[in-house]
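Peer 1:
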Amino acid sequence: MLNESGCPQVEPGVGGAPLGWVGGATTRRKVHRCSYCSYTTMYTTGLKRHLLTHTGERPFMCPYCQYCTVTQYHLKRHIRVHEGKFQG
Numbered sequence: 447m448l449n450e451s452g453c454p455q456v457e458p459g460v461g462g463a464p465l466g467w468v469g470g471a472t473t474r475r476k477v478h479r480c481s482y483c484s485y486t487t488m489y490t491t492g493l494k495r496h497l498l499t500h501t502g503e504r505p506f507m508c509p510y511c512q513y514c515t516v517t518q519y520h521l522k523r524h525i526r527v528h529e530g531k532f533q534g
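Numbering (my numbering), first residue to last: 447 to 534.
Here it is as C-alpha cells:
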C-alpha cells in the first residue's frame, strides 16, 4: 500500500508500534524515508548517506589526487593505493 507521497506504507510493528515506526514495545525505531525515492531506513546516518546519491555530493576528497567519494571508508581504502598498502 502506498501513502499520499507515493512511498510504501510501513505497517505497524509488533507491540502496537505506530505507523512510521518498526519494532516491539521496547525496540521501537522511527523509519526514515527518502524524499526522492522509496528508500527507507531505521538510521538517520543511513538516510543522510543515501541522500548523497541523489544530490551527487561527494564530501570526502583524496589529498593525493582528484578522487572524491561519499564515505570516509571508501576514501581510506582509496588512499592505500597512494601509500603502497593496496592488496587488491
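Note that beta-carbon positions come from the ideal geometry of N, C-alpha and C, so glycine has one too.
Closest to TYR412 by C-alpha separation, out of THR501, VAL527, ARG495 and ARG479, would be which residue?
Peer 2: With the chain covering 447 to 534 only, the question about residue 412 has no answer from this structure.
Peer 1: What's the gap between the Cα of CYS480 and the Cα of ILE525?
Peer 2: The sequence position of residue 480 within the sequence shown is 34, counting from 1. The sequence position of residue 525 within the sequence shown is 79, counting from 1. Rounded to whole angstroms, CYS480 to ILE525 spans 31 Å at the Cα level.
Peer 1: Assuming THR515 and PHE506 make a contact with CB atoms under 8 Å, what is their CB distance in whole Å?
Peer 2: In the sequence shown, residue 515 corresponds to position 69, counting from 1. In the sequence shown, residue 506 corresponds to position 60, counting from 1. With 8 Å as the limit, THR515 and PHE506 qualify as a contact, their Cβ atoms being about 5 Å apart.
Peer 1: Thinking C-beta only, is TYR485 closer than 8 Å to HIS496?
Peer 2: In the sequence shown, the residue the question calls residue 496 occupies position 50. In the sequence shown, the residue the question calls residue 485 occupies position 39. Closer than 8 Å, so yes.
Peer 1: Under the three-state reduction of DSSP, which class applies to LYS531: helix, strand or coil?
Peer 2: As a working note, residue 531 is residue 85 in the sequence shown. The DSSP-derived three-state label of LYS531 is coil.
Peer 1: Grab the span of the alpha helix (DSSP H) containing GLY492 for me, first residue to last.
Peer 2: For the purposes of this step, residue 492 is identified with residue 46 of the sequence shown, where counting begins at 1. DSSP places GLY492 in the uninterrupted alpha helix (DSSP H) bounded by 490 to 501.
Peer 1: Short of 6 Å in beta carbon distance, which residues of its chain neighbour THR487, apart from the five on each side in sequence? Order them along the chain.
Peer 2: As a working mapping, residue 487 is identified with position 41 in the sequence shown. Excluding sequence neighbours, THR487 sits near HIS478 and LEU493.
Peer 1: Just grab the DSSP bridge partners of HIS478 for me.
Peer 2: What you label residue 478 is simply residue 32 of the sequence shown in a count that begins at 1. In the DSSP output, where bridge partners are listed per residue, HIS478 has THR487.
Peer 1: If we ignore side chains and look at the alpha-carbon of each, how far apart do LEU521 and GLU503 end up?
Peer 2: Position 75 of the sequence shown, counting from 1, holds the residue named residue 521. Position 57 of the sequence shown, counting from 1, holds the residue named residue 503. Straight-line Cα distance between these residues: approximately 14 Å.
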